[in-house]
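Some notes on the structure that comes next.
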Amino acid sequence: MSDISARPVDARRPAPRRRSLFALYAVLLVCAAPLVAAALVYFLDWRPDGAGTNYGSLVDPQRPVPPAEQLQLTDLDGSAFDLRSLTGKWVMVSADSGDCGDECAKKLFIMRQTHASTGKNVGRIERVWLILDDEPVPTIVIRAYEGAHMVRANAEQVARFLALPDGTRPSAQALKQHIWLIDPRNNQMLRFPENPDPLRLRDDIGKLLHASRIG
22 MSDISARPVD
32 ARRPAPRRRS
42 LFALYAVLLV
52 CAAPLVAAAL
62 VYFLDWRPDG
72 AGTNYGSLVD
82 PQRPVPPAEQ
92 LQLTDLDGSA
102 FDLRSLTGKW
112 VMVSADSGDC
122 GDECAKKLFI
132 MRQTHASTGK
142 NVGRIERVWL
152 ILDDEPVPTI
162 VIRAYEGAHM
172 VRANAEQVAR
182 FLALPDGTRP
192 SAQALKQHIW
202 LIDPRNNQML
212 RFPENPDPLR
222 LRDDIGKLLH
232 ASRIG
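Counting in our numbering, the sequence shown runs from 22 upward without gaps.
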């Protein structure tokens with residue numbers, strides 16, 4: 022019987038191939054990518070262009086709604102109204118003259134449509150129109166924007182409350198150019214640009230409603 026170990030090795034037989042590590046490295050890279058991305062965002066404050074931004078200007082620091090004696094408001098029927106009574110709701114605010122020209126009506130329209138477009142969240146939002154003078158409010162405006170709180174206010178007191186983002190007091194004209202948003206904890210939070218884009222304004226509010234556990 023011949024000795025098997027003495028048989029010559031076939032030189033043509035290929036040597037065993039080492040298993041490629043490419044697949045292992047690929048798996049490790051996929052697993053590590055989210056951690057690396059999170060670290061970049063956190064430590065370098067890096068964001069893709071346009072990501073994580075809001076349309077309205079953040080009011081920083083937040084400005085609390087003044088007590089009733091510092092922001093004296095009355096309904097159209099003369100009854101006192103306290104803006105803090107809306108605690109727990111998101112509140113869109115505009116300010117303008119009682120005769121409510123085109124720009125005033127446009128703001129009220131945007132507020133009404135934004136409110137209506139929130140669907141099941143409609144009960145989480147209130148609308149307030151601060152009337153800065155004694156001009157009579159047209160009946161057609163009252164009917165068109167029914168559901169909004171229409172209250173007369175002292176323009177000087179409103180200017181102190183609705184300060185610009187840098188803390189300066191807005192002019193009488195600037196008061197009439199913006200829509201503000203008050204959060205459910207009674208802090209002025211956002212100021213939207215003059216002639217706001219309704220879709221972008223709605224997106225801001227929609228994101229807040231989605232993310233918020235209050236209001």
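The beta-carbon is built from N, C-alpha and C at its ideal position, and this holds for glycine as well.
Q: Pair every Cβ in the segment 124-144 with every Cβ in the segment 201-210, then say whether three or more of these pairs are closer than 8 Å.
A: no
Q. With a cut-off of 8 Å, do at least 3 Cβ pairs link the segment 159-177 to the segment 131-151?
A. yes
Q: Kindly list the residues whose CB is nearer than 8 Å to the CB of residue 131, restricted to its own chain and excluding five residues on each side of it in sequence; keep chain order.
A: As a working note, residue 131 is residue 110 in the sequence shown. So the qualifying residues of the chain are 200, 217, 219, 222.
(Q) Quick check on residue 85: does DSSP put it in helix, strand or coil? (A) In the sequence shown, counting from the first residue as 1, residue 85 sits at position 64. Residue 85: strand per DSSP, three-state reduction.
Q: Tell me residue 172's beta-bridge partners as DSSP assigns them.
A: The residue given as residue 172 occupies position 151 in the sequence shown. In DSSP, residue 172 forms a bridge with 96, 151.
Q.
Run through the DSSP bridge pairs and tell me what residue 208 is partnered with.
A. In the sequence shown, residue 208 corresponds to position 187, counting from 1. According to DSSP, which records beta bridges pairwise, residue 208 is partnered with 85.
Q | Residues near residue 173 by beta carbon distance below 6 Å, same chain, minus five either side | A | Working through the sequence shown from its first residue, we reach residue 173 at position 152. Result list for residue 173: 95, 152, in chain order.
Q | residue 116, DSSP secondary structure in three states | A | As a first step, residue 116 must be located in the sequence shown, where it is residue number 95. Three-state DSSP puts residue 116 in a strand.
Q) How would you call residue 235, buried or exposed, if buried means at least 16 neighbouring beta carbons within 10 angstroms? A) For the purposes of this step, residue 235 is taken as residue 214 along the sequence shown, with counting starting at 1. Residue 235 is exposed by the Cβ-count criterion.
Q.
Using only the alpha-carbon positions, how far apart do residue 85 and residue 178 sit?
A. Position 64 of the sequence shown, counting from 1, holds the residue named residue 85. Position 157 of the sequence shown, counting from 1, holds the residue named residue 178. Approximately 13 Å, taken between the alpha carbons.
Q.
According to DSSP, simplified to helix, strand and coil, what is residue 61?
A. Taking the first residue of the sequence shown as 1, we reach residue 61 at position 40. Any answer about residue 61 is weak, because its pLDDT of 43 lies below 50 and its placement is not dependable; what the coordinates show is given next. If DSSP states are grouped into helix, strand and coil, residue 61 belongs with the helices.
(Q) Using C-beta distances below 8 Å, list every residue in its chain close to residue 155, excluding the 5 sequence neighbours before and after it, in chain order. (A) Along the sequence shown, read from residue 1 onward, the residue named residue 155 stands at position 134. So the qualifying residues of the chain are 119, 173.
Q: Have a look at 228, 232, 175 and flag the residue whose alpha-carbon is nearest the alpha-carbon of residue 87.
A: One-based indexing of the sequence shown puts residue 87 at position 66. Nearest option by C-alpha distance: 175.
Q: Determine the extent of the beta strand (DSSP E) in which residue 202 is found, giving its start and end residues.
A: Residue numbering aside, residue 202 sits at position 181 when the sequence shown is read from its first letter. First-last of the beta strand (DSSP E) with residue 202: 200-203.
Q: Compare the C-alpha of residue 122 against each of 161, 75, 79, 228 and name the closest.
A: Sequence index remark: in the sequence shown, residue 122 carries index 101 (1-based). Measuring C-alpha to C-alpha distances from residue 122 to each of 161, 75, 79, 228 identifies 161 as the nearest.
**Q.** residue 89 versus 229, 105, 195, residue with shortest Cα-Cα distance
**A.** Residue numbering aside, residue 89 sits at position 68 when the sequence shown is read from its first letter. Relative to the Cα of residue 89, the nearest Cα in the group 229, 105, 195 belongs to 105.
Q. Terminal residues of the continuous alpha helix (DSSP H) containing residue 228?
A. In the sequence shown, the residue the question calls residue 228 occupies position 207. Element bounds for residue 228: 219-232.
Q. Residues bridged to residue 78 by DSSP?
A. Along the sequence shown, one-based indexing puts residue 78 at 57. Answer is 212, bridged to residue 78.
Q) So, using beta-carbon positions, are residue 196 and residue 142 closer together than 8 Å? A) Here residue 196 is taken as the residue at index 175 of the sequence shown, counted from 1. Here residue 142 is taken as the residue at index 121 of the sequence shown, counted from 1. No; because the gap between Cβ atoms is not below 8 Å, this pair is not in contact.
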